[in-house]
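First residue of the first sequence? That's 2 in the numbering used here, and the numbers climb one at a time after it.
Glycine included, every Cβ here is placed at the ideal spot set by N, Cα and C.
These numbers come from a predicted model, not from an experiment.
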Amino acid sequence: MKTAEIEKKWQKIWQDGHYFEAKNDSDKEKYYILVEFPYPSGSGLHVGHVRSYSALDAMARMKRMQGYNVLFPMGWDAFGAPAEQYAIKNHIYPAEAVKENIKTFKGQIMDLGMSFDWSREFATTDPEYYKWTQWQFLQFVKKGMAYKAEKEINWCPNCKTGLSNEDAAGGVCERCGSVVTKKLKSQWILKMSSYAERLLDGLKDTEFEERIKLAQINWIGKSIGAEVDFKLKDTEDVLKVFTTRCDTLFGATFMVMSPEHQFLTKYKKRIKNIKEVEAYQEEAKLKSEIERTDVTKDKTGVKIEGLVAINPVNNQEVEIWISDYVLASYGTGAIMAVPAHDERDYAFAKKFNIPIIPVIEGGDIEKEAYVGDGLHINSGFLDGLNKEESINKMLEFLAEKKVGKKTTNYRLQDWIFSRQRFWGEPIPMIYCDDCGWVPVPEEELPVLLPTVAHYEPTDTGESPLANITDWVNTPCPKCGKMAKRETDTMPNWAGSSWYWLRYMDAHNDKEFVGQDALKYWGMVDYYNGGMEHATRHLLYARFWHQFLYDQGLVPTPEPFKKRVAHGMILGSNGEKMSKSRGNVINPDDMVKLYGADALRCYELFIGDYEKDAAWSDNGLKGCKRFLDRVERLKDKLEDKDSYTPELESIIHKTIKKVTNDLANMKYNTAVSSLMILTNAFEEVKTITKKDYQTLLVLLNPIAPHITEELNEQIGFKTKIVEMKWPSYDEAKTVSDEVTIGVQVNGKLRGEVTINVSEDSESIKAKALENENVKRHIEGKEIVKVIVIQGKIANIVVK
RNA sequence: GCACCUGUGGCGGAAUUGGUAGACGCACUAGACUUAGGAUCUAGCGGAUAAUUCCAUGGGGGUUCAAGUCCCUUCAGGUGCACCA
Numbered sequence: 002m003k004t005a006e007i008e009k010k011w012q013k014i015w016q017d018g019h020y021f022e023a024k025n026d027s028d029k030e031k032y033y034i035l036v037e038f039p040y041p042s043g044s045g046l047h048v049g050h051v052r053s054y055s056a057l058d059a060m061a062r063m064k065r066m067q068g069y070n071v072l073f074p075m076g077w078d079a080f081g082a083p084a085e086q087y088a089i090k091n092h093i094y095p096a097e098a099v100k101e102n103i104k105t106f107k108g109q110i111m112d113l114g115m116s117f118d119w120s121r122e123f124a125t126t127d128p129e130y131y132k133w134t135q136w137q138f139l140q141f142v143k144k145g146m147a148y149k150a151e152k153e154i155n156w157c158p159n160c161k162t163g164l165s166n167e168d169a170a171g172g173v174c175e176r177c178g179s180v181v182t183k184k185l186k187s188q189w190i191l192k193m194s195s196y197a198e199r200l201l202d203g204l205k206d207t208e209f210e211e212r213i214k215l216a217q218i219n220w221i222g223k224s225i226g227a228e229v230d231f232k233l234k235d236t237e238d239v240l241k242v243f244t245t246r247c248d249t250l251f252g253a254t255f256m257v258m259s260p261e262h263q264f265l266t267k268y269k270k271r272i273k274n275i276k277e278v279e280a281y282q283e284e285a286k287l288k289s290e291i292e293r294t295d296v297t298k299d300k301t302g303v304k305i306e307g308l309v310a311i312n313p314v315n316n317q318e319v320e321i322w323i324s325d326y327v328l329a330s331y332g333t334g335a336i337m338a339v340p341a342h343d344e345r346d347y348a349f350a351k352k353f354n355i356p357i358i359p360v361i362e363g364g365d366i367e368k369e370a371y372v373g374d375g376l377h378i379n380s381g382f383l384d385g386l387n388k389e390e391s392i393n394k395m396l397e398f399l400a401e402k403k404v405g406k407k408t409t410n411y412r413l414q415d416w417i418f419s420r421q422r423f424w425g426e427p428i429p430m431i432y433c434d435d436c437g438w439v440p441v442p443e444e445e446l447p448v449l450l451p452t453v454a455h456y457e458p459t460d461t462g463e464s465p466l467a468n469i470t471d472w473v474n475t476p477c478p479k480c481g482k483m484a485k486r487e488t489d490t491m492p493n494w495a496g497s498s499w500y501w502l503r504y505m506d507a508h509n510d511k512e513f514v515g516q517d518a519l520k521y522w523g524m525v526d527y528y529n530g531g532m533e534h535a536t537r538h539l540l541y542a543r544f545w546h547q548f549l550y551d552q553g554l555v556p557t558p559e560p561f562k563k564r565v566a567h568g569m570i571l572g573s574n575g576e577k578m579s580k581s582r583g584n585v586i587n588p589d590d591m592v593k594l595y596g597a598d599a600l601r602c603y604e605l606f607i608g609d610y611e612k613d614a615a616w617s618d619n620g621l622k623g624c625k626r627f628l629d630r631v632e633r634l635k636d637k638l639e640d641k642d643s644y645t646p647e648l649e650s651i652i653h654k655t656i657k658k659v660t661n662d663l664a665n666m667k668y669n670t671a672v673s674s675l676m677i678l679t680n681a682f683e684e685v686k687t688i689t690k691k692d693y694q695t696l697l698v699l700l701n702p703i704a705p706h707i708t709e710e711l712n713e714q715i716g717f718k719t720k721i722v723e724m725k726w727p728s729y730d731e732a733k734t735v736s737d738e739v740t741i742g743v744q745v746n747g748k749l750r751g752e753v754t755i756n757v758s759e760d761s762e763s764i765k766a767k768a769l770e771n772e773n774v775k776r777h778i779e780g781k782e783i784v785k786v787i788v789i790q791g792k793i794a795n796i797v798v799k
């Protein structure tokens with residue numbers, strides 16, 4: 002039979018036998034393996050998808066054989082701008098385009114023989130699914146965790162559309178390359194920043210890869226410092242600043258407000274050079290993100306004439322400036338500047354000739370800001386103290402005088418939840434002139450996305466939904482008066498913020514997930530996804546889940562126990578695969594040429610799973626060759642139900658290695674150990690059926706079709722998918738005899754073969770008898786002999 | 001700029017966590033079987049050397065009986081964040 006026929010045959014058997022459908026009422030121990038659901042793009046499955054699916058599939062298949070009730074689901078993340086753009090470009094209705102693409106993707110995945118539980122499949126665009134996305138949004142609203150506020154959005158003046166931060170990466174529109182500007186819009190926002198500490202703290206309860214934890218920690222950006230009040234001279238107000246270096250307060254020679262600071266409006270009349278200030282504000286607004294955050298550019302700013310602050314530690318007057326290097330969105334939107342000990346403040350002071358007062362010994366203020374530690378000077382009651390002591394003492398002082406306190410700041414901001422787009426979940430809110438924002442009653446969910454003639458972005462920056470008047474106009478659920486629906490939709494991060502929960506109970510039409518299912522499945526045991534989702538998606542998902550936990554809707558605070566990330570598959574030239582580079586490999590072609598098993602095997606063998614790897618056709622051929630060699634072994638079978646004695650040790654060793662490697666994502670060495678076993682089988686005259694079947698079972702998670710077929714061909718009735726995972730005997734994983742190296746002064750001079758139970762005295766004796774060793778120790782004094790059991794002997798001579 | 005990761009044959013990569021560096025695969029070389037081979041099999045394959053032996057895990061130093069692995073330093077590449085006070 003041909004490879005393709007064998008693969009089709011077994012795929013049908015698995016499908017018809019419902020082998021991979023997880024049971025919600027099982028007595029078995031559960032194991033939940035999740036791989037990020039794909040966005041079904043028009044270009045079809047990528048070999049990168051095949052890598053992670055093969056990896057997690059191998060794990061799922063082994064875990065099932067080990068007796069676990071494995072949940073290994075798959076679905077589609079189908080809302081979002083890319084789907085919309087694909088639809089616009091190809092003149093297909095988005096829902097149709099999504100349907101088509103899902104069909105292609107699913108067919109491709111099926112051809113690979115992945116053991117997904119298709120009975121739980123759904124797309125985020127299914128009304129049965131987004132009904133519950135909307136319902137959960139309403140829970141946020143109910144708890145005051147969602148609010149509407151004016152926020153600046155990225156605006157492309159050419160495409161006349163709002164862009165997400167991702168679409169406006171680098172301050173340039175992803176589609177047309179125009180420079181992105183800002184536009185003020187009223188938006189729904191989720192209070193994610195209030196969960197910053199929890200998101201940080203919750204990492205303790207996870208086993209994420211270190212690099213992923215680190216990415217999360219950096220993104221959350223916790224910073225402990227102090228808030229200090231500077232009196233604004235001749236007013237009742239104080240200018241609040243955040244600083245991590247309150248020990249340098251004596252060195253603050255000026256203040257800087259962000260261009261958006263509210264005092265600039267409030268004290269407009271007192272500012273003598275208001276024209277100049279307003280011109281600067283205007284300039285800052287027009288500047289693109291790219292210009293504003295360019296670190297290499299010169300500092301700019303304007304001194305505010307007419308406003309003066311008072312330093313609370315010495316009551317000295319401090320001038321106030323406005324500059325765009327201070328961000329409105331972080332801290333209090335204003336800083337105290339200590340040019341002697343901060344690089345940015347130093348650059349600013351140098352440029353505008355502002356005095357620089359050193360308050361810590363060390364460095365040379367003529368050359369640069371000194372940011373290190375040292376003894377304080379010019380600092381009154383802090384003189385002679387180091388940084389840490391000074392911070393503590395200053396905090397005491399500030400608290401006592403009631404002019405400041407210890408504060409923590411986070412870089413993590415609230416989640417802007419509105420998109421002025423058609424292809425997303427409608428936000429289920431209604432605006433009534435009398436009642437304000439009113440949630441759509443839960444029993445009226447889902448708010449369906451209407452069928453429209455035009456879904457292209459509009460000139461005004463409104464969602465295309467705004468034009469559908471008979472959809473927009475609706476009675477207020479509270480008072481019955483005519484009101485208007487929210488026309489913005491949710492970001493595509495919304496649907497992916499709870500999808501793993503839905504898999505637990507995918508067809509529940511009463512609740513988002515049943516409580517029994519939640520309790521049984523608990524946390525996802527293994528969650529695999531790309532490194533590009535290590536911050537945003539993972540943070541959104543954890544935040545969403547923590548919120549649900551606080552409402553008593555889910556049983557655990559954290560959703561994922563373990564998060565791992567796969568490396569990218571690059572083109573054979575080592576560059577990222579792309580059409581323009583012409584280095585794209587289509588998995589379908591590879592399946593046709595070499596079969597699904599060979600492709601799966603190769604993608605696992607290609608290298609360290611966590612690292613990027615370059616594609617090689619020859620590598621794939623090598624794996625195909627390996628599978629062919631496994632097949633040819635069936636010609637030397639002996640009908641025996643025991644292991645061949647001389648193979649026993651290597652078989653036990655391999656079982657151990659493959660079991661551990663598959664559980665620890667060390668796929669490349671799992672494959673290589675199976676190649677080693679195959680080599681060993683080839684070297685002996687005959688192998689028993691038991692030897693062979695063990696190889697087939699171990700290889701099955703990697704190459705499921707051919708192994709099932711061979712197992713059947715040699716006469717076994719029980720399918721591998723119904724079998725138990727082989728066990729190994731630790732005692733048999735070590736051979737009786739081992740060859741160890743003998744070194745003289747750390748250099749290898751010979752080898753001796755010893756019995757595992759042999760004591761060091763006997764090994765030592767053997768080592769000293771070795772001819773070559775003798776030559777090297779001749780005429781020298783033996784200082785000592787080190788024997789490491791089963792590993793090495795080292796003779797130290799003088 | 002800061003943080004993190006990675007540097008091992010012609011290539012992808014192993015190395016039980018301090019114990020025989022280069023497993024396994026690819027590519028390559030020679031041979032066998034063949035009408036044929038882009039099939040299969042056998043042997044070889046880091047560098048130098050006739051052998052013995054020496055040199056080799058980006059470079060330099062150190063700890064140790066022993067270092068790819070630990071420490072210091074330096075170089076190169078990658079990723080993330082980027083005026084976060």
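Cutoff 8 Å; reference residue i; Cβ partners in own chain excluding five residues on either side
{"i": "residue 757", "result": "735, 736, 737, 738, 739 and 791"}
{"i": "residue 283", "result": "none"}
{"i": "residue 476", "result": "482, 483 and 484"}
Cβ neighbours of residue i in the same chain (closer than 6 Å, five flanking residues each side left out)
{"i": "residue 113", "result": "597"}
{"i": "residue 33", "result": "72, 522, 525 and 526"}
{"i": "residue 785", "result": "797"}
Buried versus exposed, by CB contacts within 10 Å (16 or more), residue i
{"i": "residue 648", "result": "buried"}
{"i": "residue 288", "result": "buried"}
{"i": "residue 409", "result": "exposed"}
{"i": "residue 487", "result": "buried"}
{"i": "residue 215", "result": "exposed"}
{"i": "residue 126", "result": "buried"}
{"i": "residue 240", "result": "buried"}
{"i": "residue 446", "result": "buried"}
{"i": "residue 574", "result": "exposed"}
{"i": "residue 747", "result": "exposed"}
Own chain partners of residue i with C-beta closer than 7 Å, once the 5 adjacent residues on each side are dropped
{"i": "residue 494", "result": "537, 538 and 541"}
{"i": "residue 307", "result": "271, 272 and 273"}
{"i": "residue 191", "result": "141, 146, 147, 415, 416 and 418"}
{"i": "residue 544", "result": "193, 196 and 200"}
{"i": "residue 633", "result": "none"}
{"i": "residue 733", "result": "649, 650 and 653"}
{"i": "residue 717", "result": "694"}
CA nearest to the CA of residue i, picked from the options
{"i": "residue 764", "options": "723, 106, 744 and 127", "result": "744"}
{"i": "residue 36", "options": "216, 459, 381 and 563", "result": "563"}
{"i": "residue 527", "options": "6, 21 and 54", "result": "54"}
{"i": "residue 345", "options": "327, 334 and 356", "result": "327"}
{"i": "residue 119", "options": "500, 23, 39 and 40", "result": "23"}
{"i": "residue 673", "options": "686, 659 and 685", "result": "659"}
{"i": "residue 221", "options": "629, 412 and 668", "result": "412"}
query = Is it a yes or a no for the stretch 447-461 touching the stretch 508-526, going by three-plus beta-carbon pairs under 8 Å?
reply = no
inquiry  = In chain order, what are the residue ranges of uninterrupted alpha helix (DSSP H) at least 4 long that sit wholly in the stretch 239-316?
reply    = 264-267, 275-287 and 290-293
inquiry  = In chain order, what are the residue ranges of uninterrupted alpha helix (DSSP H) at least 4 long that sit wholly in the stretch 57-109?
reply    = The stretch 57-109 contains these whole alpha helix (DSSP H) runs: 82-91.
inquiry  = For the pair the stretch 588-608 and the stretch 46-64, tell me if three or more CB-CB distances fall below 8 Å.
reply    = Contact holds: three or more Cβ-Cβ distances are below 8 Å.
query = Mind pulling the beta strand (DSSP E) runs of 3 or more residues that sit fully within the stretch 536-598?
reply = 564-567
request  = Could you name each continuous beta strand (DSSP E) segment of 3 residues or more that falls completely within the stretch 383-428, going from the start of the chain to the end?
outcome  = Correct list: 405-410.
key: Sufficient close CB pairs (3 or more, under 8 Å) joining the stretch 329-344 to the stretch 252-267   = yes
key: Three or more C-beta pairs below 8 Å linking the stretch 460-470 and the stretch 86-98   = no
ask   = Can we say the stretch 339-355 touches the stretch 427-436, given the rule of at least three CB pairs closer than 8 Å?
value = no
Touching by the beta-carbon criterion (3+ pairs, under 8 Å), the stretch 592-607 and the stretch 552-566 = no
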